[in-house]
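Notes to accompany the following structure.
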Amino acid sequence: MKKILLAGKVILGAGLIIIFLNSCKNETKQEDPKEVAEDANEAKFDSIDSKEDDSEFLVDQAEINLAEIEIGKLAQQKSTNPEVKKFGKMLVDEHTKSASEVSALAKTKNFTLPTSLTEEGQDEYNKLSEKSGVDFDKKFADMMIDGHEKAIDKLQKASKDATDEDVKLWASNNIAGLTAHLEHAKMLKQNLDKK
Numbered sequence: 002m003k004k005i006l007l008a009g010k011v012i013l014g015a016g017l018i019i020i021f022l023n024s025c026k027n028e029t030k031q032e033d034p035k036e037v038a039e040d041a042n043e044a045k046f047d048s049i050d051s052k053e054d055d056s057e058f059l060v061d062q063a064e065i066n067l068a069e070i071e072i073g074k075l076a077q078q079k080s081t082n083p084e085v086k087k088f089g090k091m092l093v094d095e096h097t098k099s100a101s102e103v104s105a106l107a108k109t110k111n112f113t114l115p116t117s118l119t120e121e122g123q124d125e126y127n128k129l130s131e132k133s134g135v136d137f138d139k140k141f142a143d144m145m146i147d148g149h150e151k152a153i154d155k156l157q158k159a160s161k162d163a164t165d166e167d168v169k170l171w172a173s174n175n176i177a178g179l180t181a182h183l184e185h186a187k188m189l190k191q192n193l194d195k196k
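In terms of this note's numbering, the sequence shown opens at residue 2 and continues consecutively.
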């Protein structure tokens, strides 16, 4: 009887230790930076839907800039194609400038922005990073086309629907630049597909 009681206590103790360790492990998982920024803006502007929509747009733009900068750096490091490297450098330069503008605009509006890659951005970066040679270059070009098409859609929507005039103006002023990036990415893809 004592052995059964002792075995029961050991099993109970081991179970409690496992539960305790799992709860500690779950607490260390960091929240996605985009979600943190959106939650902060939601809390600040809960009663003002228009500000919340404008803040979401700038959060998206910050997320795009962070991802494009990191992917541009990766293209400069991993690609052996001079055109891909050149495009990567242009991405870093242009999106660093854009990130600075978005950050300044967000600061004047009291919006919170993500400061590091989101989980989705990190996943995309990792998928690209696994590639090499022509496979890397083609995946990079595909990502640039897809990403810039989505970004342009968001800019066009904000240039019409944003309630804040500064946000609306910034969005409409940046459509042409991203459209040029998109066209450049399409030409790059055409040249890569010939190889």
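Backbone N, C-alpha and C fix where the C-beta goes; we use that ideal spot for every residue, glycine too.
* Would you identify the three-state DSSP class for T113, choosing helix, strand or coil? => coil
* Go ahead and pull the three-state DSSP assignment for T97. => helix
* Asked: The alpha helix (DSSP H) with N174 in it runs from where to where?
  -> E166 to D194
* Proximity to V85 [Cα-Cα], best of L179, Q157 and G134 -> G134
* To do: Could you check if L114 is buried or exposed, using at least 16 other CB atoms within 10 Å of its CB as the buried criterion?
  => buried
* **Where N27 falls, given that 16 or more other Cβ within 10 Å makes a residue buried** => Unreliable positioning characterises N27 in this predicted model, as indicated by a pLDDT of 46, which lies under 50. The coordinate reading is nonetheless provided below. Result: exposed.
* Asked: Can you tell me whether DSSP reads S56 as helix, strand or coil?
  -> The answer is helix: DSSP assigns S56 an H, G or I state.
* Run through DSSP, which three-state label would L118 get? -> Looking at L118 - three-state DSSP - the assignment turns out to be coil, as it is neither helix nor strand.
* Asked: For D138, which residues from the same chain have a beta carbon less than 7 Å from its beta carbon, with the 5 sequence-adjacent residues on both sides left out?
  -> S80, N82, V85 and L193
* Tell me whether S130 sits in a helix, a strand or coil according to DSSP, three-state version. => S130 falls in the helix class under three-state DSSP.
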